[in-house]
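When you number the sequence shown by numbering that gives the first Met the number 0, it's gap-free, plus one each residue, and the end is 286.
Think of the CB as a built atom: it goes at the ideal place given N, C-alpha and C, for glycine as much as any other residue.
Written out below as structure tokens is the structure these notes cover.
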Amino acid sequence: MAGRGPPRRTAPGPLPARGAMRPPGLLGRLRAAVIGVVHVAALPGTPRSSLPLTQIIDQACQEAEAYKDAGVDGLIVENMHDLPYTVCPGPEVTAAMTVISAAVRQTCPHLALGVQILCAANQQAIAVALAAGLDFIRAEGFVFSHVADEGIINACAGNLLRYRKQVGAENIQIFADIKKKHSAHALTADVSVSETAAAAELFLADGVVLTGTATGLPAHPQELKEVKHAVKIPVLIGSGVTLENVRNYLDANALIIGSTFLWHSKPLSMRNQLSKGLCNTFSPVYS
0 MAGRGPPRRT
10 APGPLPARGA
20 MRPPGLLGRL
30 RAAVIGVVHV
40 AALPGTPRSS
50 LPLTQIIDQA
60 CQEAEAYKDA
70 GVDGLIVENM
80 HDLPYTVCPG
90 PEVTAAMTVI
100 SAAVRQTCPH
110 LALGVQILCA
120 ANQQAIAVAL
130 AAGLDFIRAE
140 GFVFSHVADE
150 GIINACAGNL
160 LRYRKQVGAE
170 NIQIFADIKK
180 KHSAHALTAD
190 VSVSETAAAA
200 ELFLADGVVL
210 TGTATGLPAH
220 PQELKEVKHA
230 VKIPVLIGSG
240 VTLENVRNYL
250 DANALIIGST
260 FLWHSKPLSM
270 RNQLSKGLCN
280 TFSPVYS
């Protein structure tokens with residue numbers, strides 16, 4: 000990807016500089032890296048909010064600390080509990096996610112860190128990542144339109160990359176969801192997953208995220224093979240990775256794992272707390 004913009008700074012985490020020769024693994028490993036998800040409690044102003052911001056920050060940092068102790072390669076901070084999501088969350092969400100993400104960065108200064116702001120608040124995520132010293136964002140609706148449970152989501156790559164350039168955030172990498180989960184893709188039924196990935200690469204995504212159809216549901220291993228064949232940028236698995244199926248995805252550059260790291264490994268039990276023991280059990284898979 001050299002020649003596309005100025006060289007990236009060296010990130011505080013192990014992510015490679017943009018334009019540099021990428022190592023075999025996304026985060027510099029010879030295997031699929033593990034990125035844990037910090038599920039932020041419902042933020043002030045959202046329907047399910049019940050905690051003061053100070054307590055939300057403390058909980059997020061405790062989760063991050065548990066992940067760090069378990070040996071993950073990176074983390075992504077996500078406002079998962081802000082149901083129902085809105086397409087354009089208010090400035091209070093951006094402000095809160097900035098403070099929370101900055102605190103997580105202080106807790107984990109040497110991990111690769113990212114942020115996702117639901118729903119499809121990708122410019123806000125860039126702003127948060129820049130202010131909090133993060134390394135990447137996860138972006139919804141990067142290429143092609145789709146119908147999500149929040150409404151119609153239009154492609155944002157052109158505006159998003161221009162915004163990233165304008166605010167001086169070219170050190171922030173963008174990992175783009177393709178065929179986004181919890182969404183209908185009838186509008187693009189004639190466009191395959193691999194073609195969507197190729198379009199994201201053409202539109203300068205730094206990586207693509209492959210998922211199942213919903214949170215906790217696995218991506219199809221054959222789709223991983225097809226996408227890996229179609230693009231040269233990193234491919235991340237963004238849902239449904241468990242101890243039982245993890246070996247199906249070791250050819251990916253990274254595994255974003257959230258639901259499996261909850262007590263009892265029940266994807267729908269989103270209020271459950273992080274399980275340190277379950278994090279640690281992933282280590283033998285790579286031995």
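Buried or exposed by the 16-neighbour rule on C-beta atoms within 10 Å, applied to residue i
i      : result
Ala188 : exposed
His145 : buried
Glu243 : exposed
His263 : Unreliable placement is indicated for His263, whose pLDDT of 35 sits below 50; the coordinate value is still reported in the next sentence. So His263 counts as exposed.
Gln123 : buried
Ala183 : exposed
Cys87  : exposed
Gly150 : exposed
Ala213 : exposed
Gly287 : Not covered by the structure: residue 287. The range shown for the chain is 0 to 286.
Leu25  : Note that Leu25 scores a pLDDT of 49, beneath 50, so its modelled location is shaky and nothing firm can be said.
Ser49  : exposed
Gly44  : exposed
Cβ-Cβ distance between residue i and residue j below 7 Å
i      : j      : result
Tyr84  : Cys118 : yes
Val142 : Ala218 : no
Ile232 : Leu209 : no
His181 : Asp148 : yes
Arg138 : Asn121 : Checking the displayed sequence, the identity of residue 138 turns out to be Ala instead of Arg. Contact flag set, yes.
Ala168 : Val103 : no
Val36  : Ile75  : yes
Leu186 : Ala31  : no
Val207 : Ala175 : yes
Ala131 : Ala101 : yes
Gln58  : Ala69  : no
Lys178 : Val192 : yes
Per-residue DSSP class, three states only, for residue i
i      : result
Ile236 : strand
Ala63  : helix
Asp176 : strand
Gly157 : helix
Leu186 : helix
Val226 : helix
Leu42  : coil
Leu209 : strand
Glu169 : coil
Gln221 : helix
N-terminal and C-terminal residue of the beta strand (DSSP E) that residue i is part of
i      : result
Arg137 : 135-138
Glu149 : Element bounds for Glu149: n/a, residue is neither H nor E.
Leu254 : 253-256
Ile34  : 32-38
Val114 : 111-115
Top-ranked residue by Cα proximity to residue i, from the options
i      : options                        : result
Leu160 : Thr93, Ile173, Asp148, Asn153  : Ile173
Ala196 : Ala229, Asp134, Gln221         : Ala229
Asn252 : Thr53, Asp72, Asp57            : Asp72
Leu223 : Ala213, Leu216, Val234, Thr214 : Val234
Leu216 : Ile256, Ser193, Leu203         : Ile256
Ile116 : Asp81, Val240, Gly150          : Asp81
Leu202 : Asn170, Ser191, Gly157         : For clarity, residue 202 is Phe in the given sequence; the question names Leu instead. That would be Gly157, whose Cα lies nearest to the Cα of Phe202.
Val92  : Gln165, Gly113, Leu42          : Leu42
Gln165 : Lys179, Glu194, Ala126         : Ala126
Thr53  : Tyr66, Val98, Met79            : Val98
Leu133 : Ile151, Ala154, Cys60, Ile171  : Ile171
Gly77  : Glu194, Ala183, Ala154, Ala128 : For the sequence presented, residue 77 should be read as Glu rather than Gly. Closest option to Glu77, Cα to Cα, is Ala128.
Ala65  : Val86, Thr106, Met96, Ile55    : Thr106
Ile136 : Ile151, Asp57, Met96, Pro220   : Met96
Ser258 : Val245, Val240, Ser191, Glu194 : Val240
Met79  : Arg246, Lys67, Ile55           : Ile55
Ala204 : Ala154, Arg246, Gly211         : Ala154
Met211 : Ser238, Pro51, Gly140          : Before going on, a small fix: residue 211 reads as Gly here, not Met. Nearest of Ser238, Pro51, Gly140 to Gly211, Cα basis: Ser238.
Terminal residues of the alpha helix (DSSP H) in which residue i lies
i      : result
Val71  : Premise fails: Val71 is in no alpha helix (DSSP H) and is neither H nor E.
Ala196 : 192-201
Leu129 : 121-131
Pro90  : 90-106
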